[in-house]
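Here's the structure we're looking at; comments come further down.
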Amino acid sequence: MPDFDYDLFVIGAGSGGTRAARVAAAHGAKVAVAEEHRVGGTCVIRGCVPKKLLVYGAHFAEDLKDAKRFGWDVPDQCDFSWPTLRDNVFEEVDRINRAYTDTIQNAGGEIILQRATVSGPNELTLADGTTKTAKTILIAVGAHPAIPECPGHEHGITSNEAFHLDAVPKRVLIAGAGYIANEFAGIFHQLGAHVILMNRTKEILRGYELALRDRLLQISMMKGLEFRFDASFQAIEKSGDCFTVTMSGHEPAVVDLVMFATGRIPNTKGLGLDSAGVELDDKGAVKVDADNRSTCESIYAVGDVTNRIQLTPIAIREGQAFADTVFGGKPTRVDYDCVPSAVFSHPPIAQVGMTEAAARQKLGSVKVYSSDFRPMKNVLANRDERALYKMVCDGETDRVVGIHLIGPDAPEIIQAAAVAVKAGLTKAQFDQTVALHPTMAEELVLLK
Ligand code: NDP
-7 MPDFDYDLFV IGAGSGGTRA ARVAAAHGAK VAVAEEHRVG GTCVIRGCVP KKLLVYGAHF
53 AEDLKDAKRF GWDVPDQCDF SWPTLRDNVF EEVDRINRAY TDTIQNAGGE IILQRATVSG
113 PNELTLADGT TKTAKTILIA VGAHPAIPEC PGHEHGITSN EAFHLDAVPK RVLIAGAGYI
173 ANEFAGIFHQ LGAHVILMNR TKEILRGYEL ALRDRLLQIS MMKGLEFRFD ASFQAIEKSG
233 DCFTVTMSGH EPAVVDLVMF ATGRIPNTKG LGLDSAGVEL DDKGAVKVDA DNRSTCESIY
293 AVGDVTNRIQ LTPIAIREGQ AFADTVFGGK PTRVDYDCVP SAVFSHPPIA QVGMTEAAAR
353 QKLGSVKVYS SDFRPMKNVL ANRDERALYK MVCDGETDRV VGIHLIGPDA PEIIQAAAVA
413 VKAGLTKAQF DQTVALHPTM AEELVLLK
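Once you know that position 214 of the sequence shown is 206 in my numbering, the rest is easy, because the numbers rise by one and skip nothing.
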């Protein structure tokens, strides 16, 4: 048996890498984790966590308007300080960064704050030139935002930089119409910007239930967001402090900020994976089997770098399964069925299971139930914004195979509903559950 410096060397201290490192160390492995940026990765440092805090901050714009109808004496024009929100969010990010660092170190893992690349099946090279060896290597390096090729693309930012802005721009053009585009469109709009969302196709949030996507589009347009579909960049030109964006099929747009939210690319470039025979797919993602093992026997990969489902809880589960399987003697595989997901747009969308179209294709016979209602709070607030809940059931067995919600707190509601869908409950079993009144979630047991 050759002697290695470590049992496990993890590259990347994000959600997947941190979980794998902690659990492997708890199983008795000698572990090191290399991180070139900050411990915590995309979710903690420049993703889910700071984004959700901005969503909360932005929501006050509507809440303060609505407060008057609930009897509160709120001035028509409330002051908002972006630097205060931004810096408080950074403080919270710093706190979680420290907690993640402690998690690894308290479990006995060593953190190496340097870029590490693979230089062989069991060898790594650090940025300072030193080499390390490990019996097992875990690639958990995540992904980075894609930037469309077009003249002037260097003038645009991505969600990475959006958290660091000096001020909220007056006019923003966001390219893309997926998760990040819709979430930041809501944030910027609520904070007072005019937002233009441009996408290469006619669709927003591809993969989500059509009726909900239409509802979000309709509500967003009602609020004043501008959509430009079937549009691709021709050029981005800077003149003074603003940018002129020319695009196919539309008039040029003059804005103060251009932000790209057009998907994320696995961070495999320059990682030396070819030196160990690790194969990548056509998108640059590490190809892995159901046990997260790459085409090199000693190298595994988890999280966004594998481009399976790019969600934090999935990366965490993959990291846990990897560590339990390889170091804990407990072979475990991640179950990718019925993964709930949400878009923290204004209002948010959340879903679990199959869309109506997917269920029709897979099952043939389906039954669909829906409720289109104005939440009680919106009624009193004179806010003409309706929620839409949709349940998709197997026409033969009555089993609920998909739930799709748009409306306040939809992500909070779907997490509980996902347990029932995952457990394979039927529509009749939902109906046997007594409604909790008055809530929005009660619609789920009252669907006709
Ligand atoms: P998405 O995949 O959600 O959306 C990408 C958008 O960009 C789509 O509208 C797509 O258009 C468009 N697009 C894709 N490629 C190009 C291109 N080459 N040129 C122009 N437009 C393009 O990606 P995001 O960047 O919004 O988010 C990345 C991932 O991060 C998500 O897939 C998700 O997994 C994760 N994420 C999850 C969040 C959450 O759980 N709430 C929040 C943020 C991110 P079209 O679909 O029309 O082809």
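Think of the CB as a built atom: it goes at the ideal place given N, C-alpha and C, for glycine as much as any other residue.
Residue i CB to nearest heavy atom of the ligand NDP below 7 Å
{"i": "residue 289", "result": "no"}
{"i": "residue 175", "result": "yes"}
{"i": "residue 191", "result": "yes"}
{"i": "residue 341", "result": "no"}
{"i": "residue 153", "result": "no"}
{"i": "residue 2", "result": "no"}
{"i": "residue 172", "result": "yes"}
{"i": "residue 407", "result": "no"}
{"i": "residue 307", "result": "no"}
{"i": "residue 336", "result": "yes"}
{"i": "residue 7", "result": "no"}
{"i": "residue 140", "result": "yes"}
{"i": "residue 45", "result": "no"}
{"i": "residue 310", "result": "no"}
{"i": "residue 218", "result": "no"}
{"i": "residue 195", "result": "yes"}
{"i": "residue 240", "result": "no"}
{"i": "residue 303", "result": "yes"}
{"i": "residue 333", "result": "yes"}
{"i": "residue 253", "result": "yes"}
{"i": "residue 168", "result": "yes"}
{"i": "residue 256", "result": "yes"}
{"i": "residue 198", "result": "yes"}
8 Å Cβ cutoff met for residue i and residue j
{"i": "residue 9", "j": "residue 25", "result": "yes"}
{"i": "residue 441", "j": "residue 278", "result": "Residue 441 cannot be examined here, being either before or after the span of the chain that is shown, -7 to 440."}
{"i": "residue -1", "j": "residue 127", "result": "yes"}
{"i": "residue 139", "j": "residue 174", "result": "no"}
{"i": "residue 225", "j": "residue 237", "result": "yes"}
{"i": "residue 282", "j": "residue 309", "result": "no"}
{"i": "residue 228", "j": "residue 170", "result": "no"}
{"i": "residue 399", "j": "residue 367", "result": "yes"}
{"i": "residue 61", "j": "residue 155", "result": "no"}
{"i": "residue 113", "j": "residue 291", "result": "yes"}
{"i": "residue 432", "j": "residue 373", "result": "no"}
{"i": "residue 260", "j": "residue 294", "result": "no"}
{"i": "residue 396", "j": "residue 178", "result": "no"}
{"i": "residue 129", "j": "residue 118", "result": "no"}
{"i": "residue 108", "j": "residue 319", "result": "no"}
Reduced DSSP secondary structure (H/G/I, E/B, other) of residue i
{"i": "residue 224", "result": "coil"}
{"i": "residue 42", "result": "helix"}
{"i": "residue 325", "result": "coil"}
{"i": "residue 183", "result": "coil"}
{"i": "residue 285", "result": "strand"}
{"i": "residue 137", "result": "strand"}
{"i": "residue 213", "result": "helix"}
{"i": "residue 308", "result": "helix"}
{"i": "residue 172", "result": "helix"}
{"i": "residue 254", "result": "coil"}
{"i": "residue 188", "result": "strand"}
{"i": "residue 278", "result": "strand"}
{"i": "residue 69", "result": "coil"}
{"i": "residue 200", "result": "coil"}
{"i": "residue 124", "result": "strand"}
{"i": "residue 237", "result": "strand"}
{"i": "residue 56", "result": "helix"}
{"i": "residue 291", "result": "strand"}
{"i": "residue 163", "result": "strand"}
{"i": "residue 76", "result": "helix"}
Beta carbon proximity, residue i to chain D, threshold 8 Å
{"i": "residue 200", "result": "This model lacks chain D altogether; it includes just one protein chain."}
Proximity test, residue i beta-carbon vs the ligand GTP heavy atom, cut-off 7 Å
{"i": "residue 33", "result": "Looking for the ligand GTP in the displayed structure turns up nothing; the ligands present are the ligand NDP."}
(request) For the segment -1 to 11 and the segment 68 to 85, state whether three or more C-beta atom pairs, one from each stretch, are separated by less than 8 Å. (result) As far as the Cβ criterion goes, the segment -1 to 11 does not touch the segment 68 to 85, which means the pair count is below three.
(request) For the segment 14 to 21 and the segment 89 to 107, state whether three or more C-beta atom pairs, one from each stretch, are separated by less than 8 Å. (result) The segment 14 to 21 vs the segment 89 to 107: in contact.
(message) Under 8 Å, with one C-beta from each stretch per pair, do the segment 212 to 227 and the segment 178 to 191 reach the 3-pair mark?
(response) Yes, the segment 212 to 227 is in contact with the segment 178 to 191.
(message) Which complete beta strand (DSSP E) runs does the segment -4 to 48 hold, if anything under 3 residues is left out?
(response) Runs of the beta strand (DSSP E) inside the segment -4 to 48: -2 to 3, 23 to 26.
(message) Between the segment 381 to 392 and the segment 338 to 352, can you find at least three pairs of beta-carbon atoms closer than 8 Å?
(response) At 8 Å Cβ cutoff, the stretches touch.
(request) Any chance you could list the alpha helix (DSSP H) runs of at least 4 consecutive residues sitting entirely within the segment 345 to 409, in chain order? (result) Restricted to the segment 345 to 409, the alpha helix (DSSP H) segments that are unbroken, complete and at least 4 residues in length are 348 to 355, 368 to 372, listed in chain order.
(request) Count the C-beta pairs between the segment 354 to 364 and the segment 149 to 166 that are closer than 8 Å, then say yes if the count reaches three, no if not. (result) Counting Cβ pairs under 8 Å, fewer than three are found: no touch.
(message) Contact between the segment 86 to 95 and the segment 252 to 261 is defined here as three or more beta-carbon pairs at a separation below 8 Å; is this criterion met?
(response) Contact fails: fewer than three Cβ-Cβ distances are below 8 Å.
(message) Taking 8 Å as the cut-off, does the segment 335 to 347 touch the segment 198 to 205 (at least 3 CB pairs, one atom from each stretch)?
(response) They touch, by the three-pair rule.
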